[in-house]
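Q:
2 protein chains.
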Amino acid sequence: MPLRVGVVGGGQLARMMIAPAVELGVEVRVLAEEDGMSASLAATAVGDYRDADTVLAFAKGVDVVTFDHEHVPQEVLSALVDAGVAVRPGPDALRIAQDKLVMRTRLTELGMPQPDWAAVHDSAELQEFLDAHGGRAVVKTPRGGYDGKGVRVVSAGTEAEDWFATLAEDARGGALLVEELVDFRRELAQQVARRPSGQVRAYPVVETVQRGGVCAEVIAPAPHASERLLEVAERIGVAIAEGLGVTGMLAVELFETTDERLLVNELAMRPHNSGHWSQDGAVTSQFEQHVRAVLDLPLGDPSPRATWAVMVNILGGPAEGTLDERFPAALAAYPGAKVHTYGKAPRPGRKVGHVNTVGDDLDDVAYEARAAASHFLD
Amino acid sequence: MPLRVGVVGGGQLARMMIAPAVELGVEVRVLAEEDGMSASLAATAVGDYRDADTVLAFAKGVDVVTFDHEHVPQEVLSALVDAGVAVRPGPDALRIAQDKLVMRTRLTELGMPQPDWAAVHDSAELQEFLDAHGGRAVVKTPRGGYDGKGVRVVSAGTEAEDWFATLAEDARGGALLVEELVDFRRELAQQVARRPSGQVRAYPVVETVQRGGVCAEVIAPAPHASERLLEVAERIGVAIAEGLGVTGMLAVELFETTDERLLVNELAMRPHNSGHWSQDGAVTSQFEQHVRAVLDLPLGDPSPRATWAVMVNILGGPAEGTLDERFPAALAAYPGAKVHTYGKAPRPGRKVGHVNTVGDDLDDVAYEARAAASHFLD
Numbered sequence: 019m020p021l022r023v024g025v026v027g028g029g030q031l032a033r034m035m036i037a038p039a040v041e042l043g044v045e046v047r048v049l050a051e052e053d054g055m056s057a058s059l060a061a062t063a064v065g066d067y068r069d070a071d072t073v074l075a076f077a078k079g080v081d082v083v084t085f086d087h088e089h090v091p092q093e094v095l096s097a098l099v100d101a102g103v104a105v106r107p108g109p110d111a112l113r114i115a116q117d118k119l120v121m122r123t124r125l126t127e128l129g130m131p132q133p134d135w136a137a138v139h140d141s142a143e144l145q146e147f148l149d150a151h152g153g154r155a156v157v158k159t160p161r162g163g164y165d166g167k168g169v170r171v172v173s174a175g176t177e178a179e180d181w182f183a184t185l186a187e188d189a190r191g192g193a194l195l196v197e198e199l200v201d202f203r204r205e206l207a208q209q210v211a212r213r214p215s216g217q218v219r220a221y222p223v224v225e226t227v228q229r230g231g232v233c234a235e236v237i238a239p240a241p242h243a244s245e246r247l248l249e250v251a252e253r254i255g256v257a258i259a260e261g262l263g264v265t266g267m268l269a270v271e272l273f274e275t276t277d278e279r280l281l282v283n284e285l286a287m288r289p290h291n292s293g294h295w296s297q298d299g300a301v302t303s304q305f306e307q308h309v310r311a312v313l314d315l316p317l318g319d320p321s322p323r324a325t326w327a328v329m330v331n332i333l334g335g336p337a338e339g340t341l342d343e344r345f346p347a348a349l350a351a352y353p354g355a356k357v358h359t360y361g362k363a364p365r366p367g368r369k370v371g372h373v374n375t376v377g378d379d380l381d382d383v384a385y386e387a388r389a390a391a392s393h394f395l396d
Numbered sequence: 019m020p021l022r023v024g025v026v027g028g029g030q031l032a033r034m035m036i037a038p039a040v041e042l043g044v045e046v047r048v049l050a051e052e053d054g055m056s057a058s059l060a061a062t063a064v065g066d067y068r069d070a071d072t073v074l075a076f077a078k079g080v081d082v083v084t085f086d087h088e089h090v091p092q093e094v095l096s097a098l099v100d101a102g103v104a105v106r107p108g109p110d111a112l113r114i115a116q117d118k119l120v121m122r123t124r125l126t127e128l129g130m131p132q133p134d135w136a137a138v139h140d141s142a143e144l145q146e147f148l149d150a151h152g153g154r155a156v157v158k159t160p161r162g163g164y165d166g167k168g169v170r171v172v173s174a175g176t177e178a179e180d181w182f183a184t185l186a187e188d189a190r191g192g193a194l195l196v197e198e199l200v201d202f203r204r205e206l207a208q209q210v211a212r213r214p215s216g217q218v219r220a221y222p223v224v225e226t227v228q229r230g231g232v233c234a235e236v237i238a239p240a241p242h243a244s245e246r247l248l249e250v251a252e253r254i255g256v257a258i259a260e261g262l263g264v265t266g267m268l269a270v271e272l273f274e275t276t277d278e279r280l281l282v283n284e285l286a287m288r289p290h291n292s293g294h295w296s297q298d299g300a301v302t303s304q305f306e307q308h309v310r311a312v313l314d315l316p317l318g319d320p321s322p323r324a325t326w327a328v329m330v331n332i333l334g335g336p337a338e339g340t341l342d343e344r345f346p347a348a349l350a351a352y353p354g355a356k357v358h359t360y361g362k363a364p365r366p367g368r369k370v371g372h373v374n375t376v377g378d379d380l381d382d383v384a385y386e387a388r389a390a391a392s393h394f395l396d
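As you go down the protein sequences, you meet chains A and B in turn.
Remember, this note's numbering sits 18 above the position in the first sequence when you count from 1.
Remember, this note's numbering sits 18 above the position in the second sequence when you count from 1.
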């Protein structure tokens, strides 16, 4: 009987765990939200991840439960742990990824460099923060935001009244997170894998290019990165993985400020878009590494296979037709580009695939990835 | 709806098509011989590939039918073609891979370099061939042989009487193939991919090391290969792929003789053990290339990703326990080795997995692959 990993969630991250698991010889089972999702090939169950009984039944058939996303409620996670299921990352770590105020608090306790931040309960408190930070700031809903959702730049305390009103309706009450508007040069991401038994391996820090709050492109490693930058980023990633007891892959989104500091922006405790380059650019991809880590198997070598790797997302896809209709032109033009699609229907802004390229000349590598990806758009 | 490839046969070659298909965004469906086979993750049907109705029903759900092995009977292949199914490679090409006498005849027509050979119908004819070739020769059953089975070195016409007797019982009658015993320096393999629309891409020729008639190790590209050797091998591979109208992957097993000629030993019209290195050592693996080729998609770049790649088969596996019990020690010792296992139970001599390594120093690369593979043996 092979080792069996259970993934809650049937999206593209679960899908992309299938290939390395099959290659290694690990069985992947997926609890998908509905039929026909990205990871449907490995879906052995379809059901609601918010229902403890559904997730407990799914967990019975696997050695460890891990996740395609961070939205599984704490009650469900606790029920799994109480039933003796190995849950990786565990509920305590996931809580931090689920709530940005908890995250900021814990990172402060760990002494990690962050933007100035505060928990604000009403417009007056928000205005107070604005007054102390040059009149503009970023407001975030602590839960449920992703890809630019639940994030708003404001210049008056009154500009988040709708969110305060929603909070007031929520039985849990609570606050919004407000952060200083960081004057950053660029955004970076540091990925680290950690096993329950403690082994940690860090990937080289990468540059992420966002458009409209969504990751558009990743360059690995980050260009013009000094030894010091690489070291500091890795130290931050490892300190967070260890400090928060993360198991599996951790992505730390970072701002590189114009005064050359690194500040932690967001965390993700799963494979992450900033690491898709590793499928074709690293000895061990983030997806293989995540599978190894959650099974507490020795981690693989995260070293790059080439000088440069570039990942370009296919955002939206063609207005008409399917992605695979674009294969002939894209594959003919760029035989060295690695095209990945997720089995999702095209829709404006949706992440439906990505292209990876590797090589020695960054201009060429980036051009090839962008050009190949553009074949899947209009 | 994604493109859909149907693979007849549920063995490890079908299994290894799953990962690149999932990554590209192609759906793989497998008709497996039984439950629990290597490719069971993608098995949508279980049944007998010798039964036309079973295979026809399976073919209804896919865009193209291809194969994990060459054993599908011609009657079944014809029924598929008659029903309008795209079958790749097609029946005419597969017939040549299914029968070694047909293969020798067709290669002779194509002017390919081969060992001296003859079709012999009885012990007297075999003795005649022996007398003309130094008293020793290789006798092969035209059908059904693989991994050293159906192959025998003889030095007397009487040493194949059991096979002649079996032939006599077979309603089809027929002959045995006898070939001169080639004085070879080493064995090589040339792989070529060909699309129905004609595009051809060749991999670099590799050295294959056999033990007991079974492939034990592959070095890519073949060490000490002159430009001329590389060119001649590629020319032979391309000529056979085009001459026989192969679609998908073709492997040409070659002898390099002590007098520096290349002679064709065997053909395989599918992904082949000699190309497993390409999963981690080439820009486009043979499995991705096969999927592209049979779908008539543009072929990928077959170039190596590193100076050297070495593949070592895991033959047999541990006498007790499962392969995955050996993961911790193997993965810890060789974090850069890529371990592939097939979900098969260990059994003496059985191919249950392989290890790929890549790098700049051949000694190191070969040592690492052998050492990692040895962790899965006793």
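Glycine included, each C-beta is placed from N, C-alpha and C at the ideal position.
Values in this document were obtained by computation on a predicted structure and should not be read as measured data.
Using a Cβ cut-off of 9 Å, which residues of the region 226 to 257 of chain B contact any Cβ in chain A, in chain order?
A: Per Cβ criterion, the list is empty.
Q: So which of P346(A), L280(A) and F394(A) has the shortest CA-CA distance to A311(B)?
A: The residue given as residue 311(B) occupies position 293 in the second sequence. Residue P346(A) is the option with its Cα nearest to A311(B).
Q: Which of the three DSSP states is assigned to V264(B) in this structure?
A: Taking the first residue of the second sequence as 1, we reach residue 264(B) at position 246. Here V264(B) sits in coil by DSSP.
Q: Say whether the region 149 to 162 of chain B touches the region 196 to 204 of chain B, bearing in mind that this needs 3 or more beta-carbon pairs closer than 8 Å, one atom from each stretch.
A: yes
Q: Residues of the region 27 to 40 of chain A in Cβ contact with chain B at a cutoff of 8 Å, in chain order, please.
A: R33, M34, I36, A37, P38 and V40
Q: Would you list, in sequence order, the uninterrupted alpha helix (DSSP H) runs of no fewer than 4 residues that lie entirely inside the region 334 to 387 of chain B?
A: 345 to 351
Q: Where does R229(B) fall in DSSP's three states?
A: Indexing the second sequence from 1 puts residue 229(B) at position 211. R229(B): strand per DSSP, three-state reduction.
Q: Please list, in chain order, the chain A residues whose beta carbon lies closer than 9 Å to that of M19(B).
A: Locating residue 19(B) in the second sequence gives position 1, where the first residue counts as 1. Close to M19(B), with beta-carbon spacing below 9 Å, are these residues of chain A in chain order: T340 and D342.
Q: Beta-carbon within less than 6 Å of T325(A)'s beta-carbon, same chain only, minus the 5 sequence neighbours each way: which residues are those?
A: What you label residue 325(A) is simply residue 307 of the first sequence in a count that begins at 1. So the list reads D378, once near-sequence residues are dropped.
Q: Using three-state DSSP, classify A269(B) as helix, strand or coil.
A: On the second sequence, residue 269(B) is found 251 positions in, with the first residue counted as 1. A269(B) falls in the strand class under three-state DSSP.
Q: Using CA atoms only, rank isn't needed, just tell me which of R344(A), M329(A) and V330(A) is closest to P336(A).
A: The sequence position of residue 336(A) within the first sequence is 318, counting from 1. Cα-wise, what sits closest to P336(A) is R344(A).
Q: Just tell me which of E225(A), I36(A), G230(A) and L395(A) has its CA closest to the CA of P241(A).
A: On the first sequence, position 223 is the one that residue 241(A) refers to. Looking at the Cα atoms, E225(A) is the closest of the given residues.
Q: Between which two residues does the beta strand (DSSP E) containing G129(A) stretch?
A: Locating residue 129(A) in the first sequence gives position 111, counting from the first residue. Unbroken run through G129(A): none, as it is neither H nor E.
Q: Using beta carbons (cut-off 8 Å, strictly below), is V373(A) in contact with chain B?
A: The residue you call residue 373(A) lines up with position 355 of the first sequence. Not an interface residue.
Q: DSSP three-state call for M55(B): helix, strand or coil?
A: For the purposes of this step, residue 55(B) is taken as the residue at position 37 of the second sequence. Three-state DSSP puts M55(B) in coil, outside helix and strand.
Q: Got a sec: is the Cβ-Cβ distance from Y385(B) to anything in chain A below 8 Å?
A: As a position in the second sequence, residue 385(B) is number 367, starting the count at 1. Chain A contact via Cβ: absent.
Q: Could you check where the beta strand (DSSP E) with R68(B) kicks off and where it finishes?
A: Stepping through the second sequence from its first residue, residue 68(B) is reached at position 50. Where R68(B) is concerned, there is no enclosing beta strand (DSSP E), given that its DSSP letter is neither H nor E.
Q: Can you tell me the Cβ-Cβ gap for R106(A) and G266(A), rounded? I've got them flagged as a contact below 8 Å.
A: Within the first sequence, residue 106(A) is the residue found at index 88, counting from 1. Within the first sequence, residue 266(A) is the residue found at index 248, counting from 1. Between G266(A) and R106(A) the Cβ distance is about 5 Å, and since that is below 8 Å, they are a contact.
Q: What span of residues does the beta strand (DSSP E) with R1(A) cover, start to end?
A: Given that chain A is displayed from residue 19 to residue 396, the structure contains no residue 1(A) and the question cannot be resolved.
Q: CA-CA distance, V94(A) and F76(B)?
A: Your numbering for residue 94(A) matches position 76 in the first sequence. Your numbering for residue 76(B) matches position 58 in the second sequence. Approximately 40 Å between the Cα atoms of the pair.
Q: Where do the ends of the beta strand (DSSP E) carrying N284(A) lie?
A: Within the first sequence, the letter at position 266 stands for residue 284(A). Checking the sequence, you will find Glu at residue 284(A) rather than Asn. Looking at the DSSP string, the run of the beta strand (DSSP E) that includes E284(A) is L280 to A286.
Q: Beta carbons nearer than 7 Å to chain A: which residues of the region 265 to 294 of chain B have them?
A: none
Q: What would DSSP say about T325(B), mapped onto helix, strand or coil?
A: In the second sequence, the residue the question calls residue 325(B) occupies position 307. T325(B) falls in the coil class under three-state DSSP.
Q: Could you check whether the region 349 to 360 of chain A touches the region 249 to 269 of chain A, counting it as contact only if at least three pairs of C-beta atoms, one from each stretch, sit closer than 8 Å?
A: no
Q: For S58(A), which of G43(A), L74(A), T72(A) and A37(A) has the nearest alpha-carbon?
A: On the first sequence, position 40 is the one that residue 58(A) refers to. The shortest Cα separation from S58(A) among G43(A), L74(A), T72(A) and A37(A) belongs to A37(A).
Q: Would you say R368(B) and G334(B) are within 8 Å of each other, going by their C-beta atoms?
A: Taking the first residue of the second sequence as position 1, residue 368(B) is located at position 350. Taking the first residue of the second sequence as position 1, residue 334(B) is located at position 316. Contact: yes.
Q: Could you check how far apart the C-beta atoms of G371(B) and I332(B) are, in whole angstroms? I think they sit under 8 Å.
A: Start at 1 with the first residue of the second sequence, and residue 371(B) comes out as number 353. Start at 1 with the first residue of the second sequence, and residue 332(B) comes out as number 314. Taking the Cβ atoms as the reference, G371(B) lies roughly 4 Å from I332(B), within the contact range of under 8 Å.
Q: Take V309(B) as the anchor and find which of A70(B), E51(B), A61(B) and D86(B) has the nearest alpha-carbon.
A: Counting from one through the second sequence, the residue named residue 309(B) turns up at place 291. Of A70(B), E51(B), A61(B) and D86(B), the residue nearest in Cα terms is D86(B).
Q: Three or more C-beta pairs under 8 Å: does that hold for the region 103 to 117 of chain B against the region 270 to 282 of chain B?
A: no
Q: Leaving out five residues before and five after Q228(A) in sequence, what residues of the same chain have Cβ atoms less than 7 Å from its Cβ?
A: Taking the first residue of the first sequence as 1, we reach residue 228(A) at position 210. Excluding positions up to five away in sequence, the list reads E205 and A234.
Q: Runs of 4 residues minimum, wholly inside the region 94 to 155 of chain A: which ones carry the alpha helix (DSSP H) assignment?
A: Fully enclosed alpha helix (DSSP H) runs of no fewer than 4 residues occupy 109 to 116, 118 to 127 and 141 to 150 of the region 94 to 155 of chain A, in order along the chain.
Q: Which residues share a DSSP beta bridge with K158(A)?
A: Position 140 of the first sequence, counted from the first residue, corresponds to residue 158(A). Per DSSP, the beta-bridge partners of K158(A) are V169(A) and L195(A).
Q: Tell me the DSSP secondary structure of F394(A) in three-state form.
A: On the first sequence, residue 394(A) is found 376 positions in, with the first residue counted as 1. In this structure, F394(A) counts as coil in the three-state DSSP scheme.
Q: Give the straight-line distance between the Cα atoms of V210(A) and D381(B), rounded to the nearest whole angstrom.
A: Numbered from its first residue, the first sequence carries residue 210(A) at position 192. Numbered from its first residue, the second sequence carries residue 381(B) at position 363. Going by the C-alpha atoms only, they are around 31 Å apart.
Q: Taking only beta carbons into account, state which residues of the region 91 to 109 of chain B come closer than 7 Å to chain A, listed in chain order.
A: none
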